[in-house]
Every structure is written in structure tokens, then in C-alpha cells.
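Asks: Structure below; questions to follow.
So, in C-alpha cells, the structure goes:
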């Protein structure tokens with residue numbers, strides 16, 4: 029079991045199922061969305077996710093497609109602005125900002141993606157794989173969650 033919440037605690041959720049390793053995205057949209065050098069995300073199956081409270085507080089900011097679909101979606105708590113998950117039961121995965129997890133998710137960071145857009149003031153020398161322009165679909169960290177059904 030994994031639980032998470034926003035900064036003010038109005039939005040909270042629970043995951044009862046497998047969790048993917050963390051994938052840290054360095055693209056400009058994720059950096060600006062997080063206010064940091066990169067945005068670490070992990071993934072779960074939508075069927076394993078449920079809101080404990082505050083689903084009605086989730087707002088969404090959407091940007092159009094930049095280079096290729098999809099566009100950029102940034103769900104957040106309408107009270108504190110903290111990033112939160114956005115449940116789409118039809119999607120194959122649900123991404124959760126790793127910094128919103130309460131406690132230890134029990135997984136580690138697998139890789140860095142879009143490192144061609146990394147900021148010059150932060151050097152990630154953790155020895156993990158780095159993908160300059162994304163990552164091959166088969167290597168996505170969230171594949172571990174989907175492959176659990178195989």
C-alpha cells in the first residue's frame with residue numbers, strides 16, 4: 029500500500045498494487061511544473077488507485093502538443109497548488125509525482141529522460157541511464173507496472 033497527499037492535505041490518495049520505479053523528467057515543461065531541476069514520477073495502474081479525499085479539489089492546467097502528442101497536463105490541488113495525480117480509468121497507467129508520496133514508496137529512480145533540456149546549475153551524477161530526447165517505449169520505467177500483467 030502506498031499513500032500520498034498534496035501540501036495542504038485536502039487531496040489524498042491510496043494505491044493498492046505495484047508501483048513502478050521512478051523516472052525523472054528534465055524537459056522544460058516538467059521543470060517549470062515542478063519548480064525544480066527535474067520532475068520525478070512513478071506510475072501505477074489506474075485500477076489500483078483511489079482518492080481518499082479531495083478529488084473535487086483537483087484542477088487541471090493543459091498545454092497543447094509541443095513536438096508530438098500528447099499535450100502537457102498538469103493536475104494540481106485547487107487550494108495549495110501542489111501537483112497531484114489525475115485519474116483516467118481508461119489510461120494504461122497513472123503517473124504520480126514522487127514528491128507527493130507520504131513515506132517510502134519502496135522503489136528507486138531508474139533513469140533520467142529528456143536530459144538534453146537539463147539545467148546547467150544541477151549536475152545529476154548518479155550513474156543512472158540518461159536519455160537525451162525521451163526514452164524508448166520498452167525502457168520506460170512504468171513498463172514494470174504493465175509487465176506485471178504478463
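Numbering (this note's numbering), first residue to last: 29 to 178.
The beta carbon of each residue, even a glycine, is placed where N, CA and C say it ideally should be.
Straight-line CA distance for residue 33 to residue 131?
Replies: 11 Å
Asks: If residue 114 and residue 103 are in contact, beta carbons under 8 Å, what's the gap, nearest whole angstrom?
Replies: 4 Å
Asks: Can you name, in chain order, every residue of its own chain whose Cβ lies under 8 Å from the Cβ of residue 178, other than the five neighbours on each side?
Replies: Low per-residue confidence applies at residue 178: pLDDT is 48, beneath 50, and the placement is therefore not dependable enough to give any value.
Asks: Kindly give me the distance between the Cβ atoms of residue 117 and residue 74, rounded to whole angstroms, as I take these residues to be in contact under 8 Å.
Replies: 5 Å
Asks: Let me make sure I understand the geometry here. Which of 147, 86, 52 has the alpha-carbon closest to that of residue 169?
Replies: 52
Asks: What would DSSP say about residue 178, mapped onto helix, strand or coil?
Replies: Model confidence at residue 178 stands at a pLDDT of 48, short of 50, so the residue's coordinates are unreliable and nothing is read from them.
Asks: By DSSP's criteria, residue 43 is part of a beta bridge. Which residues make up the other side?
Replies: 30, 77
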